[in-house]
Amino acid sequence: MTTPEILAESPAPADRRALRSVDQASLAGVPARGGDVESTTAIHSVAMLFRVMAGLLVLLTALQVVNGLGTSLEISYGVLAAQALQLIIFAGLLWGAADLADLSVKSHRDLRAMRVLLGRIAHVVGPPPSDGQPEPGDADTARGRDALQ
Numbered sequence: 033m034t035t036p037e038i039l040a041e042s043p044a045p046a047d048r049r050a051l052r053s054v055d056q057a058s059l060a061g062v063p064a065r066g067g068d069v070e071s072t073t074a075i076h077s078v079a080m081l082f083r084v085m086a087g088l089l090v091l092l093t094a095l096q097v098v099n100g101l102g103t104s105l106e107i108s109y110g111v112l113a114a115q116a117l118q119l120i121i122f123a124g125l126l127w128g129a130a131d132l133a134d135l136s137v138k139s140h141r142d143l144r145a146m147r148v149l150l151g152r153i154a155h156v157v158g159p160p161p162s163d164g165q166p167e168p169g170d171a172d173t174a175r176g177r178d179a180l181q
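When we follow our numbering, the leftmost residue of the sequence shown carries the number 33, and every step to the right adds one.
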């Protein structure tokens, strides 16, 4: 007869939650080095701030036009239209800057992923030969070619 294996008690649910926090960084669930993961929340926050400011400028433009048309004072409609156009153009520039910030975040993630994949490929392939000459592969030795000319 075999003796039953004694299993350790499972941790309480509160302890299980505490054990889930891992110090190692991960990219899409795959473990990665800490240097390969950089936070881009600041750039993304700046992009959101630019978009909010652009929205506020459009709202301010609408309020200015409504206020200018609804007033009983004499007003130059050309000046009102020029100011409204100026605010809309500036809001568009802010929106474009937000898009550029988001583009930099996305390209940064792509470059980071490429760096991680290249590191993994280099690890799988291994270091290059020490003499600098390529070594024959399995197919070369099977055909009887031991040295490349």
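For every residue, glycine included, the Cβ atom is placed at its ideal position computed from N, Cα and C.
Flag this pair as touching only if the stretch 109-120 and the stretch 80-93 have three or more C-beta atom pairs under 8 Å; answer yes or no.
yes
If we count the other Cβ atoms within 10 Å of its Cβ and call it buried at 16 or more, is A79 buried or exposed?
buried
With distances taken from CA atoms, which of R147, S104, Q96 is nearest A113?
Q96
Taking buried to mean at least 16 other C-beta atoms within 10 Å of its own C-beta, is L135 buried or exposed?
exposed
Straight-line gap, R83 to R147 (C-alpha atoms, nearest Å)
31 Å
Which full runs of the beta strand (DSSP E) of 3+ residues lie inside the stretch 77-116, going along the chain?
none
Is DSSP giving T72 helix, strand or coil here?
coil
Note down, one range per segment and in chain order, each beta strand (DSSP E) of at least 3 residues found wholly within the stretch 122-160.
none
Using 8 Å as the threshold, is the C-beta distance between A133 and I75 below it?
yes
Output needed for W127: all residues of its chain with C-beta closer than 8 Å, excluding positions within five of it in sequence on either side, in chain order.
F82, R83, A86
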